[in-house]
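There are 2 protein chains.
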Amino acid sequence: MTSPIVAVIGGGQLARMMAPAATELGLTLRVLVESPEAAAALPAHEFVVGMPSDADAVAQLLAEPRPVALTWEHEHIPVSVFEAAQAAGVPARPGLEALVFAQDKIAMRERMTELGLPNPDWAHVTDEASVTAFLDAHASEAIVKTARGGYDGKGVRVISSAAQAADWIAGRAEGGPELLVEQKVPFTRELAVLVARRPSGDVAVWPVVESIQRAGVCSEVIAPAPDLDPALASQAREIGERVATELGVIGVLAVEMFEAEGHLVINELAMRPHNSGHWTMDGSVTSQFEQHLRAVADLPLGDTSPRAPWTVMANVLGGARQDLSGALAEVRDPGAKMHLYGKGVRPGRKVGHVNVSGVDQQETYDRAVAAAAIVREGAQQ
Amino acid sequence: MTSPIVAVIGGGQLARMMAPAATELGLTLRVLVESPEAAAALPAHEFVVGMPSDADAVAQLLAEPRPVALTWEHEHIPVSVFEAAQAAGVPARPGLEALVFAQDKIAMRERMTELGLPNPDWAHVTDEASVTAFLDAHASEAIVKTARGGYDGKGVRVISSAAQAADWIAGRAEGGPELLVEQKVPFTRELAVLVARRPSGDVAVWPVVESIQRAGVCSEVIAPAPDLDPALASQAREIGERVATELGVIGVLAVEMFEAEGHLVINELAMRPHNSGHWTMDGSVTSQFEQHLRAVADLPLGDTSPRAPWTVMANVLGGARQDLSGALAEVRDPGAKMHLYGKGVRPGRKVGHVNVSGVDQQETYDRAVAAAAIVREGAQQ
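Encoded structure:
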């Protein structure tokens with residue numbers, strides 16, 4: 034059987050979790066990994082070792098038999114990759130014209146403004162004076178971000194004086210990333226909407242979820258977002274569909290938002306499967322990983338309906354347990370769906386997650402958190 | 034991270050479908066495949082090419098780092114494999130003392146009789162006279178089976194005269210398999226119960242399903258079995274648990290049964306994931322593939338609850354479409370969960386299956402059958 038190949042850049046857990054979906058669809062997943070020990074290397078159907086900046090490695094990734102599509106698990110994709118894909122006749126999905134809005138927060142804010150979508154107050158800043166001016170207009174509190182390169186709380190800093198951003202401003206002058214400041218939105222909680230779009234323009238949207246962050250890192254996700262005003266839920270879904278369509282995204286798009294005093298503010302975009310969508314692996318008819326593959330391979334999109342009233346995802350961040358191989362034996366909740374990434378444990382590193390589905394919101398939440406804690410710390414914590 | 038290894042013998046779809054479950058559990062699946070083109074080779078985390086009778090290949094399968102368990106996807110496992118596993122200190126699960134009852138239909142019938150479990154009338158036959166005697170006692174209709182080596186209707190023949198079994202009787206005299214005859218049970222339908230058991234003795238049972246066969250091959254499975262008398266459902270589950278426990282099965286066990294005039298008759302046993310359990314991949318909280326890995330690796334068993342009122346599995350048997358790679362684009366039912374095995378198409382060969390879950394039994398059935406037909410024949414059939 035001729036098995037269509039999907040090429041993926043990145044060896045982390047997001048690429049790893051595409052492999053089971055590819056297997057069931059009868060697709061071959063060919064992955065560019067940073068090392069043979071990367072989380073995605075073991076389950077990948079084929080892999081090439083190298084960085085996305087390595088032209089030879091990218092050439093191998095795109096070699097005959099040619100992939101039907103090239104995609105990735107993170108947005109740090111150099112322009113050279115798009116050039117190589119074009120030369121090889123392999124569609125890169127999403128395309129650079131869409132991806133730039135997930136790579137560059139200034140470009141994103143400008144585009145959201147053009148589309149009339151809800152941004153926080155923000156400004157592109159180039160020196161301490163412009164930072165101070167923004168702070169003066171916002172009660173001496175703002176968030177400074179590097180336009181490129183941030184993730185999981187990195188490249189983001191809360192400041193009350195321009196001096197607290199002096200190193201980044203100096204770095205920018207020396208060729209470092211551009212900077213923007215944003216109003217610290219007085220939000221009540223964080224929401225996320227996950228959308229998939231295929232080249233035909235078909236879009237599929239999952240229920241809006243609540244994302245609970247601790248220290249800048251996603252800790253739990255509750256699907257659907259509890260007690261969400263139906264009008265806000267509709268608005269969040271419309272924002273997701275609009276961003277996917279207007280930006281021409283192909284694949285899965287996550288739009289992270291703040292809920293603040295009855296309205297929504299866009300926080301960040303991700304153009305790939307996203308932590309806020311891990312609940313779909315067990316809680317939705319179609320997982321975000323299957324859907325991403327369907328979208329980039331231009332296949333009909335799957336049903337995004339939930340399979341249970343509530344699904345809660347709890348991340349496993351590196352903790353006391355150094356070797357996770359013993360964890361499975363200790364998690365005795367028969368409905369705790371385990372997803373371990375095969376990564377070495379470091380403090381705070383995402384090394385797995387647990388999904389639990391149920392009919393009672395609090396019980397479902399408690400079970401997911403308890404199972405994740407056992408994986409992280411051991412049963413005797 | 035130290036990833037526990039599970040070794041599997043057999044390169045077909047059943048081993049293939051263990052790979053996604055192993056990935057999510059953070060287990061490494063090391064598979065002995067007949068060829069690098071086998072269905073399980075692509076998604077296997079590691080593979081060794083060889084037959085189970087090849088001592089060198091089995092030694093590689095069991096080599097350091099040692100697997101935590103050895104299992105398989107079919108029952109044709111020679112005694113030499115058990116000896117090699119014992120010498121290597123790797124537990125073979127299920128053990129030979131259990132597996133023999135799935136390998137040898139005469140041993141199985143004798144053991145079921147000892148346990149007081151419902152057999153059809155049957156007899157071990159060695160010559161035409163004993164076959165004729167059985168036929169005379171059963172209205173000139175019986176089923177003759179080879180005790181070993183049959184599957185999917187092979188090694189099974191309906192006869193009305195001993196002459197129709199003459200070739201097998203002659204073969205037996207020349208060292209071929211032993212033979213048994215069984216009463217042709219006047220059944221109304223076929224049921225199956227799937228059970229998992231771990232070394233601790235813990236057992237988990239899925240809902241009883243109806244299995245629809247065409248030409249001796251499973252065509253569809255409806256979960257749960259429609260309109261099944263609750264007393265018969267309980268009895269079927271008890272038979273499954275009893276067989277698993279009394280035979281000391283480790284892993285997944287399928288007991289195929291006939292429903293005949295309000296009672297049950299055991300048809301066959303399989304000690305591995307089974308076609309009648311493919312619905313669990315989408316229709317149950319825990320799939321049979323995850324559960325088999327949990328059981329053989331001695332991990333807590335998962336929840337066997339259904340995720341929907343009805344799930345229907347429809348097999349894709351090889352038909353008009355020679356290259357399945359185009360099939361995904363044509364199946365437009367967003368809830369049709371596709372499972373393609375990456376195998377070359379031959380007429381009647383199992384090359385994939387489709388699961389559909391829903392709230393209406395007939396609609397769910399029709400959707401599954403329609404999607405499987407599109408994969409097999411194309412959308413223009």
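These protein sequence lines map, in sequence, to chains A and B.
Residue numbers for the first sequence follow the working numbering, so the first one is 34 and each next one is one higher.
Residue numbers for the second sequence follow the working numbering, so the first one is 34 and each next one is one higher.
By construction, the Cβ of each residue, glycine as well, lies at the ideal position given by its N, Cα and C atoms.
Source: prediction; values computed, not measured.
Of all residues in the region 109 to 129 of chain A, none has a C-beta nearer than 8 Å to a C-beta of chain B. Any Cβ of chain B closer than 7 Å to the Cβ of residue 148 of chain A would place that residue at the interface, and such an atom is absent.
For the options A:409, A:180, A:202, the alpha carbon positioned closest to that of residue 357 of chain A is the one of A:409.
Chain order gives the chain A residues near residue 372 of chain B as 57, where near means a beta carbon separation below 7 Å. The three-state reading of DSSP puts residue 152 of chain A in coil, since its state is none of H, G, I, E or B. Residue contact check for residue 335 of chain A against chain B: a CB pair falls below 7 Å.
Closer than 9 Å at the C-beta level to chain A, one finds these residues of the region 34 to 56 of chain B: 34, 35, 36, 37, 49, 50, 52, 53, 54, 55, 56. Non-local C-beta neighbours of residue 173 of chain A in its own chain, meaning closer than 8 Å and more than five positions away in sequence, comprise 193, 194, ordered along the chain. Contact holds between the region 141 to 161 of chain A and the region 208 to 228 of chain A, because three or more Cβ pairs, one in each stretch, are under 8 Å apart.
Taking 7 Å as the cut-off, the beta carbon of residue 309 of chain A is found no closer than this to the beta carbon of residue 237 of chain A. When Cβ-Cβ separations below 7 Å define contact, residue 332 of chain B makes contact with chain A. Contacts with chain B at 7 Å (Cβ-Cβ) do not include residue 65 of chain A.
Per DSSP, the continuous beta strand (DSSP E) segment holding residue 291 of chain A begins and ends at 284 to 293.
Taking C-beta atoms as the reference points, residue 389 of chain A and residue 374 of chain A fail to come closer than 7 Å.
Taking 7 Å as the cut-off, the beta carbon of residue 76 of chain B is found no closer than this to the beta carbon of residue 42 of chain B. Contact of residue 219 of chain B with chain A is not assigned, every C-beta pair being separated by 7 Å or more.
Listed as beta-bridge partners of residue 80 of chain B by DSSP are B:64. What residue 362 of chain A touches in chain B, judged by beta-carbon distance under 9 Å, is 330, 331, 332, 333, going in chain order. By the criterion of a C-beta distance shorter than 7 Å, residue 316 of chain B is surrounded in its chain by 256, 339, 340, 341, 344, 388, 390, once the five residues flanking it on both sides are discounted. Nearest CB-CB separation between residue 318 of chain A and chain B: below the 7 Å threshold. Closest option to residue 97 of chain A, judged by alpha-carbon separation, among A:110, A:109, A:120: A:120.
The beta-carbon distance between residue 65 of chain A and residue 52 of chain A, rounded to whole angstroms, is 14 Å. This is too long to meet the 8 Å contact definition.
One Cα belongs to residue 329 of chain A, the other to residue 319 of chain A, and the distance between them is close to 15 Å.
If you check each beta-carbon in the region 76 to 89 of chain A against every beta-carbon of chain B, the ones closer than 7 Å belong to 76, 78. Per the coordinates, the alpha-carbon of residue 296 of chain A lies some 23 Å from the alpha-carbon of residue 135 of chain A. Under a 10 Å Cβ-count criterion, residue 137 of chain A is classified as buried, with 16 or more other Cβ atoms of the shown protein chains found around its own Cβ.
Residue state for residue 86 of chain A is assigned as coil, using DSSP reduced to three classes.
Judged by their CB atoms, residue 241 of chain A and residue 277 of chain A are not nearer to each other than the 7 Å cut-off. Counting along the chain, residue 386 of chain B sits inside the beta strand (DSSP E) bounded by residues 383 to 391. The DSSP-derived three-state label of residue 314 of chain A is helix. In the DSSP annotation of this structure, the continuous segment of the beta strand (DSSP E) that includes residue 245 of chain B starts and ends at 242 to 247. Distances from the alpha-carbon of residue 269 of chain B to those of B:94, B:336, B:45, B:243 put B:243 closest.
Within chain B, the residues 318, 319, 335, 336, 338 have their CB atoms less than 9 Å from the CB of residue 368 of chain A, given in chain order. The DSSP-derived three-state label of residue 261 of chain B is coil. DSSP places residue 190 of chain B inside the beta strand (DSSP E), whose first and last residues are 189 to 192. Between the alpha carbons of residue 412 of chain B and residue 365 of chain B lies a gap of roughly 10 Å.
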